[in-house]
Amino acid sequence: MISAARRVRRLLPSLAGVALAVTVLASPAHAAGPLVERTTLGNGIRLVLSQQRSVPIVAINCIIDGGARVDPPGKAGLANLTGSLLSEGTKGRTSEEISRLIDSLGGSFDTGTSSDWVLASAAVLSRDFATGVDLIARSLREPTFPPEEVERRKKETLGELEADEDEPGLVAQRAFRKALFGTAAYGSPVDGTPESVKSLTRDDVVAYHRDEIQPSRTICAIVGDVPTTEMKSTVERLLGDWQGSGKPLDAKAANVPPARSVVVDRPVTQASVVLGQIGVARSNPDYFPILLMNWVLGGGGFNSRLMQSIRTKSGLAYSVASAFESSKLPGAFQVALQTKVESAAQAIEMVRAEIKKLHDEGATEAELVAAKDYLTGNFPLRLDSTGKLAGFLGQVEYFGLGDDYIERYAERVRAVSLDDVKRAAAKYLQPDALVQVVVGPASKLAEQGITPTPGTAVGVAAPAAAPAGGATAAGAAADR
Amino acid sequence: MRKSLLAVAALACAVLLPSSPARAAQKYVEQVVERTLDNGFKMLLLEDHKAPVAVVQVWYRVGSRNELPGTTGLSHMLEHMMFKGTSKNGPEEYSRIIAQNGGNENAFTGDDATTYFATLASDRIGVEIELEADRMRNLVLSEQLFEPERQVVTEERRMRTDNNPIAFMFESLGAATFLEHPYRQPVIGWPTDIAGWKLSDLRSHYDTYYQPNNAFLVAVGDFDAQKLGELVEKQFGGYPRAADAPPVRAKEPPARGERRVSVERPARLPFVALQYVVPNLHHADAPALEMLESVLSNGKSSRLYQRLVREQRLALDVGASYDRTAIDDKTFTLSGQPQPGVSSEQLEKALLAEIDAIQKAPPAQDELDRARAQVEAAFVFAQDSMFYRGMLLGTYEIAGGWRQIDDFLPAIAMVTPEQVQQVAQKYLTPINRTTGVLVPLPTDESAPLERMPGGPMS
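Take a look at the structure:
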């Protein structure tokens, strides 16, 4: 659900246009996990630190709880605009000076926004660690929000929203989130809508920064080739005396919407389909049964039921997958696929049938074993680099998963029984209450019986969060 | 030639920036174990013990570069069929077994190569080695599995190209940039070719190119290279050496004038790209071309972003890209998407003005230093990923030899501002340029469908 940094600076593809994103969570089959130090500064900033000596680099990820989830009514995109502007000028440094500084070190420094948090991150050579922390500290504490940068970013965002309309999968995601969450948290798109973005002012940005960017909501995960004592003292020196306004977090979860169908009319040869419902919060105690259940349905790549039936056996789609989002409040559960317009109804029926079958009957013993083997065996791969470890540790802290999460992961996966999966499927899949979105030529879809639920506007899609990954241009490597 | 260049460069590094971690990094030639079996199968093994994990990649020296008009896309289709079972393992068994062992697997096809890979806990890599050896020669190709997969690839093409106006434009641009060389062909294949492939085409492609002497294995991770080499020999060593794959004989003639292609698709915004055919890494100008790319588009302080996105506010996004590691001479491309209200002509003019500027005056030394620092640091950051290190070895080996990786930083270190200016003057010329423009058609009516050159493909 990250919306920043979607647009890559280089538009052309490289050979490494890699692969099947595995989004499931996973724990080392045998490793004891990395040595991690946790500490909290006087102003409430939580630090998660791990020294890794293998490569002379360090990753610093600071996340501030809130993000687009707390955008005020009618101001969708405010957190996103504020987040992107944190690096476009700080006290004593212009945007261009910041860019020159980080580029001269060969590092990276970004600020951005997701549905749950604002992120300020840097990746630098270890020798430049203090500069990396300094860039982040200034962006959080003393951004200047120059009026011309605010206007420029607004205009760029409006242009990006326009460009996004040329990506049918993205258009489908936006319409889906709007249909699912309405005006509640996560229903407002992270980037905003053209109308809401136009209405944003510099005063709004200053207010968001004052109220929502606070030390007490901040977690910094730092991983790399720097001693943890130095990590701690540097952050203490540069962020230790930062004081926030103390405004409490505020955002409401959505009510469960009724089943409905949305059609977005587009002249394309391939329909983009999203089907789903409101899922669960990351803190849900049934997390592990849900994880395994979803792996069987559509989270297990080529081994999942959806991939087997819709791609492998029928050749109807190149990709089809299901996912429960990891989010603070209950997020989306969704199945997404693309298929030629003529087979949209058939593919949708197959998805509905698979969801219903799993809901009614649960998984098989063989499927559960396969899911457990994968998730436990795959866990070390999720922690095998500096960057991955920093991201992982930050989320463990953010979602409050516990200091022993890494050590106990495999044990928790193995503890899930067939009955647990069956209960999770019956409870968290709602085959009769699915929200369905199809992007394609409305007349051809109507011939197959795919029509919008009365009262649902056709062709209106509110922009929302972007999925990971970007467009691939011609000549690119083609993945399997 | 390479040796003397290295020596001079090493000296230059020592003087210029003795503390650069990039230049202090250990050379690949000191870390990689290379072995070639009697049947011609090569292995490149790189021990990396930072995590109990390993990546294995098998690279075949075949891609769309090796394909002929009428049957383009065969390499990519064969890549899909490689998951459909062997005489030993049934359809999709490969994916099931790798998942059972906690691994991630996939494959990708490019112009120059086809690559299969799996990342696993390091104590499981034997599983991947055995499965890769099996499918190198024992693939079962059946009509029954072929037809649904042809449909999958057709859907993949719709998703990547037909319903992606920018990608569609780049496909047409590539076909205009190259007159003869097969780099003009899309990796996924032309629509009518996809519809027309026969199983016998695949069989012949497989037998020609999937042979031990036309492939190599790259492994990076937490293993003992000596022992792993023995395992690889045991699994791959039994296959006989085959006839050499036919060489690609097509050579691109020199450009004799500016070309232009415009593509009409339903889209909200236009897009423009300027493409030039330039030499690859085997040419002495390659390091300067690499720095030209970096000066133009590496980081937010780079020229194209600062001037066209920030100052002139003409573009939503701009970039430059140099295909240095292609087997044959390929492209240097500048491209951008205009902001709403800006025409593609305006952005094209602005891109040309930037080319003109760097042809008239060399970049400032500090600008070049910044561009260089990013290229060098990227080399260090890349060490964080075993997968990427494998990609680096494989890409260079395909392009002409993995040992050239070590030449890269020393050569970059010696590039002067004047050299950057000179390669811009030499290659970014009107005569060598092909321009591609995406012309948007309305997206709110169905009529334009009939005008799609690709057409419906069911």
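Protein sequences, first through last, are from chains H and U.
The C-terminal residue of the first sequence carries number 480 in our numbering, and the numbering is unbroken.
The C-terminal residue of the second sequence carries number 458 in our numbering, and the numbering is unbroken.
By construction, the Cβ of each residue, glycine as well, lies at the ideal position given by its N, Cα and C atoms.
Starting from the C-beta of Thr453 (chain H), find all residues in its chain whose C-beta is less than 6 Å away, skip the five residues before and the five after it, and write them out in chain order.
By one-based count along the first sequence, residue 453 (chain H) stands at place 453. Contacts found: Arg260 and Ser261.
Measuring only the C-alpha atoms, how far is Asp419 (chain H) from Ala332 (chain H)?
By 1-based counting over the first sequence, the position of residue 419 (chain H) is 419. By 1-based counting over the first sequence, the position of residue 332 (chain H) is 332. Cα to Cα, Asp419 (chain H) sits roughly 24 Å from Ala332 (chain H).
Going by C-alpha distance, which of H:Met350, H:Val70 and H:Gln430 is nearest Asp116 (chain H)?
Residue numbering aside, residue 116 (chain H) sits at position 116 when the first sequence is read from its first letter. Measuring from the Cα of Asp116 (chain H), the nearest candidate turns out to be H:Val70.
Of all Cβ atoms in chain U, is any one closer than 8 Å to the Cβ of Asp373 (chain H)?
Mapped onto the first sequence, residue 373 (chain H) falls at position 373. True, the Cβ-Cβ gap to chain U drops below 8 Å.
Could you tell me the alpha carbon to alpha carbon distance between Arg184 (chain U) and Leu202 (chain U), rounded to whole angstroms?
Walking along the second sequence from the start, residue 184 (chain U) turns up at place 184. Walking along the second sequence from the start, residue 202 (chain U) turns up at place 202. If I take the Cα positions, the gap works out to 21 Å.
I want to verify the contact list: residues of chain U whose CB lies under 9 Å from the CB of Ala370 (chain H), in sequence order.
If you number the first sequence from 1, residue 370 (chain H) lands on position 370. Arg96, Ala99 and Gln100, listed in chain order.
Check distances from the C-beta atoms of the segment 300-334 of chain H to those of chain U and list, in chain order, the residues that come in under 8 Å.
Gly300, Gly301, Phe302, Asn303, Gln308, Arg311, Thr312, Lys313, Ser314, Gly315, Leu316, Ala317, Tyr318 and Ser319
Around the C-beta of Gly112 (chain H), are 16 or more other C-beta atoms found within 10 angstroms, so that it is buried, or is it exposed?
Residue 112 (chain H) sits at position 112 when you count from the first residue of the first sequence. It is buried - the Cβ of Gly112 (chain H) has at least 16 other Cβ atoms within 10 Å.
Inter-residue Cα distance where the pair is Glu180 (chain U) and Glu79 (chain U):
Against the second sequence, residue 180 (chain U) aligns to sequence position 180. Against the second sequence, residue 79 (chain U) aligns to sequence position 79. If you take the alpha carbons of Glu180 (chain U) and Glu79 (chain U), they lie about 25 Å apart.
Gly440 (chain H) versus Val296 (chain H) - alpha carbon distance:
Here the question's residue 440 (chain H) lines up with position 440 in the first sequence. Here the question's residue 296 (chain H) lines up with position 296 in the first sequence. Roughly 29 Å between the two C-alpha positions.
What would DSSP say about Tyr116 (chain U), mapped onto helix, strand or coil?
One-based indexing of the second sequence puts residue 116 (chain U) at position 116. Correct three-state label for Tyr116 (chain U): strand.
Going along chain U, which residues have a C-beta under 7 Å from Ala163 (chain H)?
Along the first sequence, read from residue 1 onward, the residue named residue 163 (chain H) stands at position 163. Near Ala163 (chain H) (Cβ distances below 7 Å), the residues of chain U are Arg268, Leu269, Leu316 and Gln337.
Taking the C-alpha atoms as reference points, what is the distance between Met491 (chain H) and Val421 (chain H)?
The structure shown does not extend to residue 491 (chain H), since chain H is modelled only from 1 to 480, so the question has no answer here.
From the DSSP output, in three-state form, read off Lys42 (chain U) for me.
Position 42 of the second sequence holds residue 42 (chain U). Of the three classes helix, strand and coil, the one that applies to Lys42 (chain U) here is strand, per DSSP.
From the beta carbon of Asp244 (chain U), is the nearest beta carbon of chain H less than 8 Å away?
Here residue 244 (chain U) is taken as the residue at index 244 of the second sequence, counted from 1. Answer no: the Cβ-Cβ gap between Asp244 (chain U) and chain H never drops below 8 Å.
The beta strand (DSSP E) enclosing Gln270 (chain H), as first and last residue numbers
By 1-based counting over the first sequence, the position of residue 270 (chain H) is 270. Gln270 (chain H) -> beta strand (DSSP E) spans Gln270 to Ile278.
Does Ser385 (chain H) have its Cβ less than 8 Å from a Cβ in chain U?
Here residue 385 (chain H) corresponds to residue number 385 of the first sequence, with the count starting at 1. It does; some Cβ of chain U falls within 8 Å.
Quick one: what's got a C-beta closer than 7 Å to Gly362 (chain H)'s C-beta in the same chain, skipping five residues either side?
The residue you call residue 362 (chain H) lines up with position 362 of the first sequence. Cβ neighbours of Gly362 (chain H) beyond the five flanking positions: Leu418, Val421, Lys422 and Ala425.
Less than 8 Å between C-beta atoms, sequence neighbours within five positions excluded: which residues of the same chain meet that for Thr325 (chain U)?
In the second sequence, residue 325 (chain U) corresponds to position 325, counting from 1. Closer than 8 Å at the Cβ level, and outside the excluded window around Thr325 (chain U), lie Asn280, Leu281, Thr395, Tyr396, Ile398 and Ala399.
By the three-class DSSP mapping on this structure, what secondary structure does Ala219 (chain U) have?
Taking the first residue of the second sequence as 1, we reach residue 219 (chain U) at position 219. Looking at Ala219 (chain U) - three-state DSSP - the assignment turns out to be strand.
Exposure of Ala237 (chain H), with buried meaning 16 or more beta-carbon neighbours within 10 Å
For the purposes of this step, residue 237 (chain H) is taken as the residue at position 237 of the first sequence. The question names Ala, but residue 237 (chain H) is Arg in the sequence shown. By the neighbour-count rule (16 or more Cβ atoms within 10 Å), Arg237 (chain H) is not buried but exposed.
Would you kindly report the start and end of the unbroken beta strand (DSSP E) that includes Asp317 (chain U)?
The residue given as residue 317 (chain U) occupies position 317 in the second sequence. Element bounds for Asp317 (chain U): Ala315 to Tyr322.
Look at the alpha carbon of Ile355 (chain H) and the alpha carbon of Gly238 (chain U), and state the distance between them as a whole number of angstroms.
Your numbering for residue 355 (chain H) matches position 355 in the first sequence. Your numbering for residue 238 (chain U) matches position 238 in the second sequence. Ile355 (chain H) and Gly238 (chain U): Cα-Cα distance of roughly 47 Å.
Beta-carbon spacing of Val58 (chain U), Leu217 (chain U) below 8 Å:
To locate residue 58 (chain U), count along the second sequence from 1; it is residue 58. To locate residue 217 (chain U), count along the second sequence from 1; it is residue 217. In this structure, Leu217 (chain U) lies closer than 8 Å to Val58 (chain U) by Cβ.
What residues from chain U crowd round Leu418 (chain H), counting only those whose CB sits closer than 9 Å?
Numbered from its first residue, the first sequence carries residue 418 (chain H) at position 418. Within 9 Å Cβ-Cβ: nothing; Leu418 (chain H) doesn't reach chain U, min ~18 Å.
Of the residues H:Gly300, H:Tyr287 and H:Gly301, the one placed nearest Ser326 (chain H), counting alpha carbons only:
Position 326 of the first sequence, counting from 1, holds the residue named residue 326 (chain H). Looking at the Cα atoms, H:Tyr287 is the closest of the given residues.
Whether or not the segment 213-227 of chain U and the segment 294-301 of chain U are in contact is what I'm after, with contact meaning three or more pairs of Cβ atoms, one per stretch, closer than 8 Å; do they touch?
no
Counting only Cβ pairs nearer than 8 Å, list the residues of chain U close to Asp166 (chain H).
If you number the first sequence from 1, residue 166 (chain H) lands on position 166. Those are Asn164, Pro165, Ile166, Ala267, Arg268, Leu269 and Thr443, listed as they occur along chain U.
Could you tell me whether the Cβ atoms of Ala122 (chain H) and Gly132 (chain H) are closer together than 8 Å?
As a first step, residue 122 (chain H) must be located in the first sequence, where it is residue number 122. As a first step, residue 132 (chain H) must be located in the first sequence, where it is residue number 132. It is a contact, given that the beta carbons lie within the stated cut-off.
Residues that Val36 (chain H) contacts on chain U, provided the C-beta gap is smaller than 9 Å
Counted from its first residue, the first sequence places residue 36 (chain H) at position 36. Chain U residues near Val36 (chain H): none, gap ~15 Å exceeds 9 Å.
Assign Asn138 (chain U) to one of two classes, buried (16 or more other C-beta atoms within 10 Å of its C-beta) or exposed (fewer than that).
For this step, residue 138 (chain U) is matched to residue 138 along the second sequence. Its Cβ having fewer than 16 others within 10 Å, Asn138 (chain U) is exposed.
According to DSSP, is Asn106 (chain U) helix, strand or coil?
As a first step, residue 106 (chain U) must be located in the second sequence, where it is residue number 106. Three-state DSSP puts Asn106 (chain U) in a strand.
Is the number of C-beta pairs between the segment 224-239 of chain U and the segment 113-133 of chain U that are closer than 8 Å three or more?
yes
Which of the three DSSP states, helix, strand or coil, is assigned to Tyr210 (chain U)?
As a first step, residue 210 (chain U) must be located in the second sequence, where it is residue number 210. Coil.
Apply the 10 Å Cβ neighbour rule to Thr443 (chain U) and answer buried if 16 or more other Cβ atoms are within range, or exposed otherwise.
Counted from its first residue, the second sequence places residue 443 (chain U) at position 443. That one is buried.
CA-to-CA distance, Glu92 (chain U) to Ala185 (chain H), given in whole angstroms
Within the first sequence, numbered from 1, the residue matching residue 185 (chain H) stands at position 185. Within the second sequence, numbered from 1, the residue matching residue 92 (chain U) stands at position 92. Each residue's alpha carbon lies about 40 Å from the other.
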